[in-house]
Amino acid sequence: MTDYATLRQYLISESESGELTFLADYPLSALCTFKIGGPADFVVYPKTERALISLVEYARSIGVRYNVFGNASNVLFDDPGYRGVVIFTSELKSIKIDGPIITAGSGMSVTALSVAAYRSSLSGLEFTYGIPGSVGGAVYMNAGAYGGEIKDVCISSRVYNPETGEIEVYSGDEQRFGYRESIYMNSPLIILSSDFRLNESDPVEIETLMKNLMNQRIEKQPLDLPSAGSVFKRCKGYFTAKLIEDSGLKGKSIGGAQVSEKHAGFIVNKGGATASDVLKLIEHIQEEVYRQFGVEIQPEVRFIPAE
Ligand SMILES: Cc1cc2nc3c(=O)[nH]c(=O)nc-3n(C[C@H](O)[C@H](O)[C@H](O)COP(=O)(O)OP(=O)(O)OC[C@H]3O[C@@H](n4cnc5c(N)ncnc54)[C@H](O)[C@@H]3O)c2cc1C
Numbered sequence: 107m108t109d110y111a112t113l114r115q116y117l118i119s120e121s122e123s124g125e126l127t128f129l130a131d132y133p134l135s136a137l138c139t140f141k142i143g144g145p146a147d148f149v150v151y152p153k154t155e156r157a158l159i160s161l162v163e164y165a166r167s168i169g170v171r172y173n174v175f176g177n178a179s180n181v182l183f184d185d186p187g188y189r190g191v192v193i194f195t196s197e198l199k200s201i202k203i204d205g206p207i208i209t210a211g212s213g214m215s216v217t218a219l220s221v222a223a224y225r226s227s228l229s230g231l232e233f234t235y236g237i238p239g240s241v242g243g244a245v246y247m248n249a250g251a252y253g254g255e256i257k258d259v260c261i262s263s264r265v266y267n268p269e270t271g272e273i274e275v276y277s278g279d280e281q282r283f284g285y286r287e288s289i290y291m292n293s294p295l296i297i298l299s300s301d302f303r304l305n306e307s308d309p310v311e312i313e314t315l316m317k318n319l320m321n322q323r324i325e326k327q328p329l330d331l332p333s334a335g336s337v338f339k340r341c342k343g344y345f346t347a348k349l350i351e352d353s354g355l356k357g358k359s360i361g362g363a364q365v366s367e368k369h370a371g372f373i374v375n376k377g378g379a380t381a382s383d384v385l386k387l388i389e390h391i392q393e394e395v396y397r398q399f400g401v402e403i404q405p406e407v408r409f410i411p412a413e
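Here the sequence shown is numbered in my numbering, starting from 107 and rising by one per residue.
Here it is in structure tokens:
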């Protein structure tokens, strides 16, 4: 029996026990905000942390590749899809509020988290309202907006370390947050849940700020088209979107991928865009911005190769 045959049997057995649900040979374009990506061999939704850990242990034991995602809102899946197991944390949505501390499962949406905080008169997560990611994805990326960053509020995370087989806790500086950086990047660590320390505040003020930030998103971002948000990281001394716009690239298209006419920091999928279109457009933007301004810009969006 091939590894895939035993993996399929494992998944069938775990799904019959109610531990997870899974899809086989399923298009990733249907599961990410960019609406790009070919079929993954397996897409799995573990229902508990235990099921997630068992699946990862099993995949490792038979040498099958896997990758963990939250809402796939900051990734570009590959045109041939993904050989191995794509794991989504969407079912891990626990939430506990203890005074000013909220503990949230990695699959919880950060927008839902900010609403829960508001309902408990807790301030600090307003900036995440409207970010279409999960807690795990936002912590991994140290997501930020409008002057706020996850690092300002995330005091610790519980993670599974597949190399040691242990659950570990990373607190404070141990999370090594930087601009769109964390210790979790390019590491095997899987975030299970995170703790956020917030401040008691007037719910009317919290709500007003959330509404203002959402209105800014609606006004400035091309939310009517599939994208992965801002494609490039900020660069020192410049506004990246302005550099792209000043390079004359607003509206520039390669295949179905286009530099948004509304916000030059976004690449949008105008319909039928491929990963290859997006990668070529990213390279073109980098070359033009460098040629015209001598500034190197780096992608924030994470490309996930098929193998
Ligand atoms: C319209 C739009 C607006 C956006 N606005 C913002 C914004 O204002 N600010 C901002 O920072 N970003 C923004 N983004 C980008 C994106 O939403 C954020 O980066 C978000 O935090 C990603 O979360 P996710 O759950 O979708 O992560 P995913 O895209 O699923 O994953 C991103 C990375 O995190 C890893 N990862 C995810 N979950 C885990 C886990 N549990 N354990 C270990 N690794 C994990 C993945 O392997 C991947 O490498 C926007 C995107 C869109 C489409």
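Built from N, CA and C at the ideal position, the CB exists for glycine as well. Note that the coordinates shown come from a computational prediction; the quantities given were computed from them, not determined experimentally.
Does at least one heavy atom of ligand 1 sit under 7 Å from the Cβ of residue i?
i	result
I296	yes
N321	no
Y246	yes
F148	no
F183	no
N173	yes
S212	yes
S353	no
S220	no
T346	no
I312	no
Y285	no
A370	no
Q364	no
Y290	yes
I201	no
P405	no
S333	yes
L329	yes
S240	yes
With DSSP as the reference, please indicate the residues paired to residue i in a beta bridge.
i	result
L284	A quick correction: the sequence has Gly, not Leu, at residue 284. G284 pairs with E287.
L182	F409
E255	G250
A363	I360, N375
I207	D204, R303
S167	According to DSSP, which records beta bridges pairwise, S167 is partnered with nothing at all.
I142	For I142, which the question treats as bridged, DSSP gives no partner whatsoever.
G187	D184
V174	I193
S212	The partner list for S212 (beta bridge, DSSP) is empty, contrary to what the question assumes.
Residue j and residue i - do their beta-carbons sit closer together than 8 Å?
i	j	result
L198	F148	no
L385	V365	no
N177	S240	yes
A412	R189	yes
Y164	P145	no
I410	V181	yes
E287	N248	yes
S299	G211	yes
Y246	M214	no
F338	E406	yes
T154	P238	no
P309	S227	yes
Q340	Y285	One detail in the question is off: residue 340 reads as Arg in this sequence, not Gln. Yes, the pair counts as a contact, with Cβ atoms nearer than the cut-off.
N375	P328	no
P351	A363	Contrary to the premise, residue 351 reads as Glu rather than Pro in this sequence. No, the Cβ-Cβ distance between E351 and A363 is not below 8 Å.
L355	F399	no
E313	Y224	yes
By alpha-carbon positions, which one of the options ends up nearest to residue i?
i	options	result
S229	P238, G254, A249, F183	G254
P268	L134, D184, R166	R166
V216	I350, G236, D204	G236
D301	S196, I324, C260, V150	C260
P206	S200, A222, T195	A222
F183	I142, D204, I168	I142
F194	T346, Y151, D258, A244	Y151
I201	V191, A136, A218	A218
S123	L137, Y110, A157	A157
S119	Y224, G242, V191, L161	L161
G187	G335, A381, Y344	A381
S293	Y110, V395, Q281	Q281
K326	L315, L304, F372	F372
S196	D204, I208, S179	S179
Would you mind reading off the limits of the beta strand (DSSP E) that contains residue i?
i	result
D204	201-204
Y276	272-277
Y132	126-133
L298	296-303
C260	260-267
A334	333-336
Going by DSSP, what residue range makes up the alpha helix (DSSP H) through residue i?
i	result
T346	346-352
Q398	381-399
N321	309-326
S226	Run containing S226: none; DSSP gives neither H nor E here.
Y110	109-122
V149	From DSSP, V149 is part of no alpha helix (DSSP H) but of the beta strand (DSSP E) over 145-152.
Any heavy atom of ligand 3 closer than 7 Å to the CB of residue i?
i	result
R408	The ligand content of the structure shown is limited to ligand 1, which means ligand 3 is not among them.
Should residue i be flagged as near chain D, meaning a C-beta pair shorter than 8 Å?
i	result
K257	Of the chains in the structure shown, none is chain D; there is only one protein chain.
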